[in-house]
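Numbering (this note's numbering), first residue to last: 9 to 272.
Take a look at the structure:
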């Protein structure tokens, strides 16, 4: 176990109803790295991210966040709440409360650090509200602060989710198919925003994507999964179409969508 790593996964196994979802997964992500996670449908990308964030318990193996164990052999450690405060999550379907305003959705990022009473009653301070507005400005949608989340476009909703991570003070962002529901232009803007946060705020980012072209465009390092196993962990430049064919066979076609995310 490396105390310097932002994320370390050691010998992680997970089975669902007897079927392997993760098999002896070993990965290490350093602080400030931006890593792409690829694989065909059912390869284990989302499952892995959920284990790193403590939303799922593994059967065996350990997940470390900045050198501290989050879970070991299916048991969450007592400091999981503190560790999870350092991990922001972005999902394909945004995970916003649509009936709440944008700023209220962003303020939710504070809940992990608040007392149970203040958290339950949503008692946010003036300073927290100022911080939420600053986060919305950072992601470029300050003018939407008092609209209902349901009124926003998909790309704007994803920006709200990113602003929530900033308010949370996340040192790590796990983005699970963050552009799968977006049009190409919105996808580009979200990926560029994540790159900015990685570069300017030194936030460690692990992003699962379905299109290899997007990974090639934005990530220097790629981890590929197949049937729950890590089958590639190297510089993205080495993940050629031929390599994809070797790893996935006919299933490689679903990872290569011409015209989506290609460099122009």
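Ideal placement from N, C-alpha and C gives every residue a C-beta, glycine not left out. It should be emphasised that the depicted structure is a prediction, and the values quoted were computed from it without experimental measurement.
Subject >> Beta-carbon contacts of residue 66 that lie in its chain and below 8 Å, excluding the five residues immediately before and after >> reply: 20, 21, 22, 30, 59, 79, 81 and 82
Original post:
Cα-Cα, which of 56, 147 and 157 is closest to residue 167?
Top reply: 147
Original post:
Are the region 108 to 118 and the region 181 to 198 in contact at 8 Å, needing three or more beta carbon pairs?
Top reply: no
Original post:
Which ranges would you report for the alpha helix (DSSP H) in the region 211 to 268 if only whole runs of at least 4 residues count?
Top reply: Taking only runs of at least 4 residues, the alpha helix (DSSP H) segments lying wholly in the region 211 to 268 are 220 to 226 and 249 to 256.
Original post:
Do residue 247 and residue 214 have their CB atoms nearer than 8 Å?
Top reply: Contact check for residue 247 against residue 214 fails: the beta carbons are separated by 8 Å or more.
**OP:** Evaluate residue 105 with the Cβ neighbour count: other Cβ atoms within 10 Å of its Cβ, from every protein chain shown; 16 or more gives buried, anything less gives exposed.
**Re:** exposed
**OP:** Let me know if residue 131 comes out buried or exposed under the rule of 16 or more other beta-carbons within 10 Å of its beta-carbon.
**Re:** exposed
Original post:
Using the beta-carbon count (16 or more within 10 Å), is residue 289 buried or exposed?
Top reply: Residue 289 lies beyond the range of the chain shown here (9 to 272); nothing can be said about it.
Subject >> Coil, strand or helix - residue 150 by DSSP >> reply: helix
Subject >> Residue range of the beta strand (DSSP E) that includes residue 168 >> reply: Per DSSP, residue 168 belongs to no beta strand (DSSP E); it is in the alpha helix (DSSP H), 162 to 176.
Original post:
Under a Cβ-count criterion, where at least 16 other Cβ atoms within 10 Å of its own Cβ denotes burial, should residue 266 be classed as buried or exposed?
Top reply: Per-residue confidence for residue 266 stands at a pLDDT of 48, beneath the threshold of 50, marking its modelled position as unreliable; no derived number is given.
Original post:
For residue 349, which residues of its own chain have a beta-carbon under 6 Å away from its beta-carbon, when the five flanking residues on both sides are left out?
Top reply: Residue 349 lies beyond the residue range present for the chain, which begins at 9 and ends at 272; the question has no answer from this structure.
Original post:
Does the count of Cβ pairs from the region 225 to 235 and the region 38 to 49 closer than 8 Å reach three?
Top reply: yes
**OP:** Please say whether residue 184 and residue 100 have beta carbons closer to each other than 8 Å?
**Re:** yes
Subject >> Same chain, Cβ closer than 8 Å to residue 34, five either side skipped, listed in chain order >> reply: Non-local beta-carbon contacts of residue 34 in its own chain, meaning distances under 8 Å to residues more than five positions away in sequence, involve 17, 18, 19, 20 and 238 in chain order.
Subject >> Those runs of the beta strand (DSSP E) which lie wholly inside the region 56 to 126 and span at least 3 residues >> reply: 68 to 73, 76 to 80 and 95 to 99
**OP:** Look up residue 23 in the DSSP assignment and give the residues it is bridged to.
**Re:** 28
Original post:
Quick one: is residue 227 buried, meaning 16 or more other Cβ sit within 10 Å of its Cβ, or exposed?
Top reply: The residue in question, residue 227, is buried, as its Cβ has 16 or more Cβ neighbours within 10 Å.
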